[in-house]
Amino acid sequence: MSIKKMIDKIKIKNKKQFIYKASILLIVLAGATSITLAASGKWNVQRAEAQKTKPQAAKNKKKKSNTSQTDSQPASSNGTAETNNAPGASAASQNDQTTSAETAIVANSYPLHANISTTYFWVGEPGDSDNKDISNTSSAWDDDWQAHFGGVDNPGKRNGYLPAGFTPKENPFYFALPYNDFDGNGNHRKNLASVVPWAAGEKYGSQDSVCKNQWIKITKGGKIAYAQWEDVGPFGENDSSYVFGSATPSSKTNSHAGLDVSPAVHDYLGLSDEDRTDWQFIPASQVPSGPWKQIITADQVYWN
5 MSIKKMIDKI KIKNKKQFIY KASILLIVLA GATSITLAAS GKWNVQRAEA
55 QKTKPQAAKN KKKKSNTSQT DSQPASSNGT AETNNAPGAS AASQNDQTTS
105 AETAIVANSY PLHANISTTY FWVGEPGDSD NKDISNTSSA WDDDWQAHFG
155 GVDNPGKRNG YLPAGFTPKE NPFYFALPYN DFDGNGNHRK NLASVVPWAA
205 GEKYGSQDSV CKNQWIKITK GGKIAYAQWE DVGPFGENDS SYVFGSATPS
255 SKTNSHAGLD VSPAVHDYLG LSDEDRTDWQ FIPASQVPSG PWKQIITADQ
305 VYWN
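Every position in the sequence shown, counted from 1, becomes a number in my numbering once 4 is added.
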């Protein structure tokens, strides 16, 4: 309503009354204007605050989105989160993961044989009552072991961890376990693939041993040695439940002896003639540097 119309509706009886009512009307109009301006100002303030807040909200939303992508990495095909191998990733962390993985492979694939009665033998050892008259001039896989080794690995005549008088052609760090992957007729055992952990899915020649030259880790107290499998013993040749499982060695001789080691292993670990050790198969790729890697045996089966 316009001021003119409002004034027309007022019945003016006299000038004094007109002035009085006009004053009231002006006061009312002034109040309405103030309210309008106040409301307008408040709206403008709210609008300004909204405009100020909106970019920050968008920024927060973007930040949250980035965090989500970082914390929840894409899953791999097996349903696990993929490891971040970006150039900025920590090399030490990756090495730790590799080391842990390698340790898990050994621990999960091959059982640890603890507190095993351990004896020692050597290439060229003559047969007597102590070894049930079994001569070690030959081995289960090499009819000319002594010749291929380079001589007698005499435990009483040493040059460090080597035999005195000659440099061996094969690894002086060797051992024997009571299992032969060949039967009495010279053929691979029929259950080979299901018994020997690393044999499954692999192809070997008819005269290739699955066991010869394999590595184990041998522990005595705080010392560790590594050696290659070069013969069958100390007693028995088909004790797969012990060699590849968790059973006690089946032979009762020498307190269930389950491991024969060479003079080099014997001396390195400081063993007595009959002692106790822990041992475990280990992949060749995980064998660390040491005297056991100065000469590595690679020859396969040799039968006359």
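Beta carbons are placed, not taken as given, at the ideal position from N, Cα and C, and that holds for glycine.
Quick one: grab the DSSP three-state call for residue i.
i    : result
V200 : coil
T257 : helix
P167 : strand
A229 : strand
V247 : helix
K297 : helix
A144 : coil
V265 : strand
L273 : helix
D303 : coil
D134 : helix
S121 : strand
N308 : coil
Which residue's Cα is closest to the Cα of residue i: the options?
i    : options                : result
Y183 : Q290, P287, D264, E278 : D264
D282 : Q150, T257, V247, I300 : V247
N119 : Q284, S293, V305, A288 : Q284
Q304 : Y124, F179, C215, K161 : C215
P295 : S142, G164, K207, T123 : G164
Y178 : I220, S250, S133, D212 : I220
A302 : A180, D235, Q218, R280 : Q218
S266 : D147, N308, P238, V200 : P238
A288 : Q232, T257, P159, H270 : Q232
V269 : N189, I286, A229       : A229
S113 : V200, P292, T223       : V200
K136 : V291, T257, D277       : T257
D277 : Y124, P115, H117       : Y124
R193 : E234, I222, D243       : D243
S142 : S293, V236, I299, S245 : V236
L275 : E174, I222, H117       : I222
Y272 : E129, P159, E206       : P159
P115 : G205, D134, G249       : G249
A326 : S293, I286, E234       : Not covered by the structure: residue 326. The range shown for the chain is 5 to 308.
Leaving out five residues on either side along the sequence, give the residues of the same chain with a beta carbon under 6 angstroms from the beta carbon of residue i.
i    : result
G226 : none
H260 : S121, T252, P253
I138 : G131
R280 : N119
H117 : W283
E174 : F153, T301
S245 : A251
T87  : At T87 the pLDDT is 34, less than 50, meaning the model places this residue with poor confidence and gives no usable figure here.
E129 : N140
Let's see if you can read the secondary structure: which residues bound the beta strand (DSSP E) around residue i?
i    : result
Q150 : First-last for Q150: 149 to 153, but that is the alpha helix (DSSP H), not the beta strand (DSSP E).
Residues in the same chain with beta-carbon distance under 7 angstroms from residue i, minus the five sequence neighbours each way, listed in chain order, please.
i    : result
L166 : P172, P176
T40  : A caution first: T40 carries a pLDDT of 45, below 50, which makes its placement in the model unreliable, though a value can still be read off. None.
V127 : N140, W149, Q150, F153, V156, D157
N308 : D147
V291 : W219, Y230, K297
E196 : Going by the sequence as given, residue 196 is Leu instead of Glu. D185, A203, V214, listed in sequence order.
Looking at the strands, I want to know which residues DSSP matches up with residue i.
i    : result
Q284 : K221
V236 : L181
N242 : Y183
R162 : P167
D279 : T122
Suppose the cutoff is 8 angstroms on Cβ atoms and the five residues either side in sequence are ignored; what does the same chain contact list for residue i look like?
i    : result
N191 : S210
E241 : A144, P182, Y183, N184
K161 : P167, A168, G169
S213 : W145, D185, F186, Q304, V305
Y208 : H192, V214
Does any heavy atom of the ligand ADP sit closer than 7 angstroms to the C-beta of residue i?
i    : result
V156 : In the structure on display, the ligand ADP does not appear, and there are no ligands present to speak of.
Does residue i come within less than 8 angstroms of chain B when only Cβ atoms are used?
i    : result
P287 : Among the protein chains of the structure shown there is no chain B, as only one such chain exists.
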